[in-house]
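Under our numbering, the residues of the sequence shown are numbered 1 to 479, in order.
Quick reminder that beta carbons are idealized off the backbone N, C-alpha and C, glycines included.
In what follows, a structure is listed as structure tokens, so that the remarks can point back to it.
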Amino acid sequence: MTRLSPRGATRKRPGGIKSFPKRHLLLVTGVAATVMTVIGLLPSPQVEAKRSETELLIDEFQPSSPKEALKELALEEEDAPEQTVPEETKAQREAREKAERLAAEEAALGPRKSITIESGDNLSILFDDMGLSARTVYEVSRTPKLGKNLNDILPGQTFEYRVNSKGVLTQLRYVQNKLESILYERQGNGYVGKKITLQPELRIAFAEASIKNSLFLASQNAGLSEKMTMELAGIFGWDIDFALDIRSGDSFNVMYEEKYLGNEKLGDGNILAATFINQGEAFTAVRYTNSHGDSNYYSPDGKSMKKAFLRTPVNFTRISSSFNPNRLHPIFKTKRPHNGTDYAAPTGTPIKAAGDGKIQFIGWQNGFGNVVFIQHPHNIVTVYAHQSRVNKRFKKGSQVKQGQTIGYVGQTGWATGPHLHYEFRVNGVHRNPVTVKLPNASPIPKAEKARFMAFANKTMAQLEKHGATMLARNEKESK
């Protein structure tokens, strides 16, 4: 038998064991010792033979002493490659430090809390409930430009706020609604504010119905809101009199927007396209936004759905005095021409601009009281008299769009009751506002025609596809 040589001498090992690492051999030695102990308890010829073989194996790999074995193990560990933890890169270190800094800054602002505004609350009451001083109320309310918004708080709105360990208000978020809020943040000895507006997701929806009793009932059954029904009537109101012309069997198909925040529907957007069949005649409209950002409704061939002027610029209860060149004046009891139409309406009813134009005069005139004159293209002027007040947003020279509120019904000047006196003048000549032929609004300009046609064709294809699908479904259900 060949024994292990002393440290430094050449050692021969059996070929099958030669590749074993020293630590493994030492482990084998320990296992073998355990086996020998067990074998020693089984005296038999077979056991004796196994014992001899085991002794041979152990003897082959046994070091000269336990101390020598420990030395060999230590040397082997020195020879083994050192296991090191990879060094942190510069980018990793900077990212970690930034995350730690942001976490510390976030914690310094204090915990997040909220309070809901209730009826009767004011800023002082709310801040007191939040554990804040009157001084803080003063400082926040003096925030440049946005501090005054805190005077408009309404029940149901919320304040989300954070107070640090020193009792200082670090952040206040005034949540006005689900899309709009104002954030006030501590800066120096005061606060700075900024408006935050979330953009809802716009999803396309469809509605279609056949009218049996009324447009509003049919729209409601189709899932349209009252707002959308009014918008639908407004789009086709130039061609269809929705008070007189609607018949049982009329129908509509609408493609419109719905506003969502996450999975919550917030409301409706715009009607994108619609078809209305009235007494067998089909009317179709597409909403188109031109290169200047202006949106209007057009027929699929590019003609404007609206006229250049509203027929009546106010929601009235009755016509109290018609256009009459030979009318007896109700105040002076003399024959004086009535060069306009009087629309009786409650005081404060909004008055709309009949068409696009420029404010020619706004203010007081003796007989007219508070009055607005609007100059339109083609030498047309419209007059709106006896207003309780005019819209202070406008002044002489201001541009105005059709449908914008320019004032409110009143009884100023020579008037016997609240009403709007409305005049329509062409080249300085008074015309009857009820019967005058109104010019059409401008069609799609030639420069935009190709872009419009491509958009309109795509939009109408979507609307028609939905209509065909619903028709097939209804026919299947009726069988």
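Next item on the list: Pull up the distance between the alpha-carbon of residue 215 and that of residue 289, whole angstroms please.
Entry: Numbered from its first residue, the sequence shown carries residue 215 at position 215. Numbered from its first residue, the sequence shown carries residue 289 at position 289. If I take the Cα positions, the gap works out to 28 Å.
Item checked: Span of the alpha helix (DSSP H), counted from its first residue to its last, around residue 484 -> For the chain, the structure presents residues 1 to 479; residue 484 sits outside this window and is missing.
Next item on the list: Quick one: using the 10 Å Cβ neighbour count with 16 as the cut-off for buried, is residue 466 buried or exposed?
Entry: Along the sequence shown, one-based indexing puts residue 466 at 466. Per the 10 Å Cβ criterion, buried.
Checklist line | Contacting residues, own chain, Cβ-Cβ under 8 Å from residue 49 (five flanking each side not counted) | finding: Position 49 of the sequence shown, counted from the first residue, corresponds to residue 49. Bear in mind that a pLDDT of 40 at residue 49, under 50, signals an unreliable position, so the model cannot answer this.
Note to self: Looking at residue 344: is its Cβ nearer than 7 Å to the Cβ of residue 463?
What the structure shows: If you number the sequence shown from 1, residue 344 lands on position 344. If you number the sequence shown from 1, residue 463 lands on position 463. No, the Cβ-Cβ distance between residue 344 and residue 463 is not below 7 Å.
Notebook entry, point to check: Just curious, the alpha helix (DSSP H) that residue 98 is in, first and last residue?
Noted result: On the sequence shown, residue 98 is found 98 positions in, with the first residue counted as 1. 90-108 is the span of the alpha helix (DSSP H), which, as asked, contains residue 98.
Checklist line | Option in 271, 118 and 360 with minimal Cα separation from residue 205 | finding: Numbered from 1 along the sequence shown, position 205 holds the residue referred to as residue 205. Closest by alpha carbon: 271.
Item checked: Sequence-distant residues of its chain with Cβ nearer than 7 Å to residue 348 (five each side left out) -> For the purposes of this step, residue 348 is taken as residue 348 along the sequence shown, with counting starting at 1. Only 388, 408 and 409 meet the Cβ criterion.
Next item on the list: Inspect the beta-carbon positions of residue 400 and residue 456 and report whether they are closer than 7 Å.
Entry: As a working mapping, residue 400 is identified with position 400 in the sequence shown. As a working mapping, residue 456 is identified with position 456 in the sequence shown. Taking 7 Å as the Cβ cut-off, residue 400 and residue 456 do not qualify as a contacting pair.
Check: Does the separation of the CB atoms of residue 319 and residue 406 fall below 7 Å?
Finding: Reading the sequence shown from its first residue, position 319 is the one you call residue 319. Reading the sequence shown from its first residue, position 406 is the one you call residue 406. No, the pair does not count as a contact, with Cβ atoms beyond the cut-off.
Next item on the list: Please go through the stretch 105-185 and give each complete beta strand (DSSP E) segment of 3 or more residues, from N-terminal end onward.
Entry: 112-116, 158-163 and 169-175
Check: Looking at C-alpha atoms only, which residue of 147, 260 and 166 is the closest neighbour of residue 110?
Finding: The residue labelled residue 110 in the question sits at position 110 within the sequence shown. If we check each option's Cα against that of residue 110, 166 comes out closest.
Checklist line | Contact with chain D by residue 204, beta-carbon distance below 7 Å | finding: This model lacks chain D altogether, as it is built from one protein chain only.
Next item on the list: Measure the beta-carbon distance from residue 339 to residue 419 and round it to whole angstroms, keeping in mind my assumption that it falls under 8 Å.
Entry: As a position in the sequence shown, residue 339 is number 339, starting the count at 1. As a position in the sequence shown, residue 419 is number 419, starting the count at 1. At roughly 15 Å, the Cβ-Cβ gap does not stay under 8 Å, so residue 339 and residue 419 are not in contact.
Note to self: Using the three-state DSSP reduction, which class does residue 246 fall into: helix, strand or coil?
What the structure shows: For the purposes of this step, residue 246 is taken as the residue at position 246 of the sequence shown. In the structure shown, residue 246 sits in coil (DSSP, three-state: anything other than H, G, I, E or B).
Notebook entry, point to check: Distance, Cα to Cα, residue 181 vs residue 196?
Noted result: Locating residue 181 in the sequence shown gives position 181, counting from the first residue. Locating residue 196 in the sequence shown gives position 196, counting from the first residue. So the two alpha carbons sit approximately 5 Å from each other.
Notebook entry, point to check: How many whole angstroms separate the CB atoms of residue 161 and residue 172, which I take to be in contact at a CB cut-off of 8 Å?
Noted result: As a position in the sequence shown, residue 161 is number 161, starting the count at 1. As a position in the sequence shown, residue 172 is number 172, starting the count at 1. Right, the Cβ-Cβ distance comes to about 5 Å (below 8 Å), so this counts as a contact.
Check: So which of 294, 184, 120 and 114 has the shortest CA-CA distance to residue 144?
Finding: The residue you call residue 144 lines up with position 144 of the sequence shown. That would be 184, whose Cα lies nearest to the Cα of residue 144.
Item checked: First through last residue of the alpha helix (DSSP H) which encompasses residue 229 -> What you label residue 229 is simply residue 229 of the sequence shown in a count that begins at 1. First-last of the alpha helix (DSSP H) with residue 229: 226-236.
Checklist line | Distance CB(residue 268)-CB(residue 258) smaller than 7 Å | finding: Your numbering for residue 268 matches position 268 in the sequence shown. Your numbering for residue 258 matches position 258 in the sequence shown. Closer than 7 Å, so yes.
Item checked: Candidates 142, 306, 209 and 152, of which the one nearest residue 120 by Cα -> Indexing the sequence shown from 1 puts residue 120 at position 120. It is 152.
Margin query: Please report the distance separating the alpha-carbon of residue 226 from that of residue 220.
Written below: By 1-based counting over the sequence shown, the position of residue 226 is 226. By 1-based counting over the sequence shown, the position of residue 220 is 220. Looking at the two C-alpha atoms, the distance is approximately 8 Å.
Checklist line | Outcome for residue 199 when other beta-carbon atoms lying within 10 angstroms are tallied against a minimum of 16 | finding: One-based indexing of the sequence shown puts residue 199 at position 199. With fewer than 16 Cβ atoms within 10 Å of its Cβ, residue 199 is classed as exposed.
Next item on the list: Assign residue 276 to one of three DSSP states: helix, strand, or coil.
Entry: On the sequence shown, position 276 is the one that residue 276 refers to. Three-state result, residue 276: strand.
Item checked: Supposed contact pair residue 240 and residue 283 - C-beta distance, whole angstroms, cut 8 Å -> The count along the sequence shown starts at 1 and reaches residue 283 at position 283. The count along the sequence shown starts at 1 and reaches residue 240 at position 240. Residue 283 to residue 240, Cβ: 7 Å. Contact.
Item checked: Limits of the alpha helix (DSSP H) - the one that residue 218 falls within -> Here residue 218 is taken as the residue at index 218 of the sequence shown, counted from 1. From DSSP, the alpha helix (DSSP H) with residue 218 extends over 215-221.
Next item on the list: May I ask you to report which of helix, strand or coil DSSP gives residue 525?
Entry: This structure leaves residue 525 out entirely; the chain is present only between 1 and 479.
Checklist line | Whole-angstrom distance between residue 416 and residue 305, CA atom to CA atom | finding: Counting from one through the sequence shown, the residue named residue 305 turns up at place 305. Counting from one through the sequence shown, the residue named residue 416 turns up at place 416. Using only the alpha carbons, I get a separation of about 38 Å.
Check: For residue 481, does the three-state DSSP call read helix, strand or coil?
Finding: This structure leaves residue 481 out entirely; the chain is present only between 1 and 479.
Next item on the list: Could you tell me how far apart the beta carbons of residue 309 and residue 126 are, in whole angstroms, since I believe they sit closer than 8 Å?
Entry: In the sequence shown, residue 309 corresponds to position 309, counting from 1. In the sequence shown, residue 126 corresponds to position 126, counting from 1. With 8 Å as the limit, residue 309 and residue 126 do not qualify as a contact, their Cβ atoms being about 49 Å apart.
Next item on the list: Express the C-alpha separation of residue 209 and residue 116 in angstroms, rounding to a whole number.
Entry: Taking the sequence shown and counting its residues from 1, the one referred to as residue 116 is at position 116. Taking the sequence shown and counting its residues from 1, the one referred to as residue 209 is at position 209. Cα to Cα, the separation comes out at about 41 Å.
Checklist line | Local Cβ density within 10 Å of residue 482, reported as buried at 16 or more and exposed below that | finding: Given that the chain is displayed from residue 1 to residue 479, the structure contains no residue 482 and the question cannot be resolved.
Next item on the list: Return the chain-ordered list of same chain residues with a C-beta closer than 8 Å to the C-beta of residue 314, the five sequence neighbours on each side being excluded.
Entry: Within the sequence shown, numbered from 1, the residue matching residue 314 stands at position 314. If we look at residue 314 and ignore the five residues flanking it on each side, its Cβ neighbours are 343, 345, 349, 350, 351, 352, 409, 420 and 422.
Check: To the nearest angstrom, how far is it from the Cα of residue 460 to the Cα of residue 444?
Finding: In the sequence shown, counting from the first residue as 1, residue 460 sits at position 460. In the sequence shown, counting from the first residue as 1, residue 444 sits at position 444. Rounded to whole angstroms, residue 460 to residue 444 spans 17 Å at the Cα level.
Notebook entry, point to check: What three-state label does DSSP hand residue 392 in the structure shown?
Noted result: For the purposes of this step, residue 392 is identified with residue 392 of the sequence shown, where counting begins at 1. Correct three-state label for residue 392: coil.
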